[in-house]
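To start, the structure itself, in structure tokens.
Residue numbers (this note's numbering), protein chains in the order written: chain G, 15 to 386; chain C, 15 to 386.
Below you can see the structure in the form of structure tokens.
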């Protein structure tokens, strides 16, 4: 948009003194000046989540609310739940094609197009929530993602996170890595690929079909998210062993996808508002999960869920396969390699640092409270 | 500010059809309409930090930049470093009195006025960074702080965090809690009060005077922040034992203080921009520390620093005294009690939850990397 002085400084009275005279100048300048200040814009947002997942769908309502407030109601974003105008897993395509201007979705849903999408969300055994933000904001992550997403006609902004997820619901206990052989486990993404190397038979089942499949025994186990989201699906009634941690999603960064042309066409100050609103939504979503997961976990345990930690040999075997898979993908996929060469040394140094200050602090304070 | 339709919908052409005729209507409406959109406002911000602490002073430059960008340059915040116009520890007073409109500072600097200020920053052995955000944003923390700060004529917005800090620099090793007796330790706030109950002699020394005091042996130890900030002061040359964790600051929430009348006088959409910019700065500051602390730690160790974990009996004894102190303060101070009654049960449930998903995940991944 034009950035001439009269429109950049709308209060500058000199703008109203023109050779065309007061009236002409006012009429000529006032309209673009007002338009420049806060033009009226309306966008449609398609979420990959249903309204029932209040924290994830809430990212969209929160960003829309903040953007409207910050632009004095001039920039309106209308959120639609998964399926209302676009199916959950076609959100990226809808933004690419311009069917909608923007979306809240998970890049890892699209690893079928290119496994490199995973770096925008998280990798199994990867950076935790804070380490992911460090890599994205200060470690060069966002620059790599911007370059990659440009090839898909999308601008991606970090806009939410789940924190470390649970390991899911199992009908039988997992005592050793051998108990994974032949296990029909509802799990998607790279986590499924890794566990398949240990004998698991990954199942792709939509959220609403998981419960009946577990109840009928069509599947032996299912992972979904954390206590606050899992509680809504009632898994504890049909698979009582609730495992942790969800090592395939130590966090999940939710992206705000914007059609690249729509993004570039936005006034600079609206782009600034959207960036700040997304960063705020990310911070609030982690806080909301950290706020709601404890009480949900206590209710699940009271309702019969039995907490179990994955055996160390399961963790070690899965970690070994994860690192092997990443090496193979980096060797065969240039996009994956470009991300991995930045991500792996970053992951290593963060692990060492967190051993020093954060983990000893958390380990001590958490050991001072008795379980319920 | 007025919210009439012609100014709320600046692009509505009907606004230009008035009984006074085009010229009169345009002149009459254009000016308030533009003023309504983005009025010109300039504020002064006094930071409690010097420019050398780039992450902490950087909170002010980042918020100022984002607020300017989001208001198309109309709302300007001018950051001043500690001492430029107001001494570091008088930032709150300067905002209360209206000497400046706003400040980045630490509420715990002001526990001399009322120990309840500590809840806005952190308590020794208290909520970690994520747990603090959960309590502030979703656990009722911000509402309690707003009510408390109103009594000090201030609106406080969470705007930065250091993450878990280090335990500081010691000239001699601490092998048992008895080694704390008579130890002249540069430490401020409630941490100093707690350690004094174990025989430590807390010292109040300004940042710039710590190094010579350690070198001369006037003091035996000093805590400051984390590796990225500590490195700038060169402590490893005069006190080689670098202890962790800094159990008196498991995190430190930095507040953006705004004079209450100035805050209430801001247009609603400017308040929205400031809130979003502060949340963004908080998230980016944690990420910046998580990004810069590892490399700083590696350089400090290469320069001769010897990492040591505080002995368990020191942690246990300090924890016992901390809880005793909080009980005494809650019994004698109504403000402290009001915060503590919300904070303590919240702290307990967060400790249990973090034992389940986050800590087992972090403990496993961090154990898979060899130290340098």
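Cβ coordinates follow ideal geometry from the N, Cα and C atoms, glycine included. These figures come from a predicted structure and were not determined experimentally.
In the three-state reduction of the DSSP assignment, residue 321 of chain C falls in the strand class. Note on residue 240 of chain G: 16 or more other CB atoms within 10 angstroms of its CB, so buried under the neighbour-count rule.
For residue 195 of chain G, the CB contacts under 6 Å within the same chain, skipping 5 residues up- and downstream, are 213 in chain order. Residue-level contact check: residue 156 of chain G does not touch chain C, since none of the beta carbons of chain C fall below 7 Å from its beta carbon.
When Cβ-Cβ separations below 7 Å define contact, residue 163 of chain C makes no contact with chain G.
A distance below 8 Å between beta-carbons, with the five flanking residues on each side excluded, links residue 215 of chain C to the following residues of its chain, in chain order: 196, 197, 198 and 199. Residue-level contact by beta carbon holds for residue 304 of chain G and chain C, with a gap shorter than 7 Å. Annotation: residue 250 of chain C to residue 51 of chain C spans about 53 Å, alpha carbon to alpha carbon. Shown in chain order are the members of the region 261–279 of chain G whose Cβ falls below 7 Å from a Cβ of chain C: 261 and 264. When secondary structure is reduced to three states using DSSP, residue 145 of chain C falls in the helix class. Neighbours of residue 380 of chain G in chain C, taken as residues at a C-beta separation under 7 Å, are given in chain order as 365, 368, 369 and 373.
For residue 332 of chain G, the nearest beta carbon of chain C is not closer than 7 Å to its own beta carbon. When CB distances to chain C are screened at a threshold of 7 Å, the residues of the region 118–144 of chain G falling below it are 139, 142 and 144, in chain order. Within 10 angstroms of the beta-carbon of residue 190 of chain C lie fewer than 16 other beta-carbons, which makes it exposed. Within the same chain, and ignoring the five residues on either side of residue 138 of chain C in sequence, the residues whose Cβ sits closer than 7 Å to its Cβ are 204, 205, 208, 261, 262 and 336. Pairwise C-beta distances place the region 118–131 of chain G out of contact with the region 315–328 of chain G, as fewer than three of them are shorter than 8 Å. Within chain G, no C-beta atom comes nearer than 7 Å to that of residue 325 of chain C; the closest sits roughly 12 Å away. DSSP, read as helix, strand or coil, puts residue 283 of chain G in helix.
Scanning chain C for C-beta atoms nearer than 9 Å to the C-beta of residue 177 of chain G yields 144, 371 and 372, reported in chain order. Sequence-distant Cβ neighbours of residue 331 of chain G in its own chain, meaning closer than 6 Å and more than five residues away, are 191 and 212. Between the beta-carbon of residue 268 of chain C and that of residue 70 of chain C there is about 7 Å, and that keeps the pair under the 8 Å contact cut. When DSSP reads this structure, residue 93 of chain G sits in a beta bridge with G:59. Between the region 337–350 of chain G and the region 108–118 of chain G, the count of C-beta pairs closer than 8 Å stays below three; the two stretches do not touch.
Under DSSP, residue 170 of chain G takes part in a beta bridge, and its partners are G:271. With a threshold of 7 Å between beta carbons, residue 349 of chain C makes no contact with chain G.
With respect to residue 66 of chain G, residue 302 of chain G sits apart: the two C-beta atoms are not nearer than 7 Å. Residue 85 of chain C reaches chain G at 283, counting residues in chain order whose Cβ is nearer than 7 Å. Here residue 64 of chain G is near residue 96 of chain G, since their CB atoms are less than 7 Å apart. Judged by DSSP in its simplified three-state form, residue 215 of chain G adopts strand. Residues of the region 291–319 of chain G that bring their beta carbon within less than 9 Å of a beta carbon in chain C comprise 291, 292, 293, 294, 295, 296, 297, 298, 300, 301, 302, 303, 304, 305, 306, 307, 308, 309, 311 and 312, in sequence order. Note on the region 358–382 of chain C: whole alpha helix (DSSP H) runs with a minimum of 4 residues are 372–381, in chain order. Per DSSP, reduced to three states, the secondary structure at residue 119 of chain C is strand.
By the neighbour-count criterion, in which a residue is buried when 16 or more other Cβ atoms sit within 10 angstroms of its Cβ, residue 384 of chain C is exposed. With 16 or more other Cβ atoms from the protein chains shown falling within 10 Å of its own Cβ, residue 363 of chain C counts as buried. Taking 3 residues as the minimum length, the beta strand (DSSP E) runs contained wholly in the region 292–355 of chain G are 320–323, in order along the chain. Look at residue 156 of chain G here: in three-state DSSP terms it is helix.
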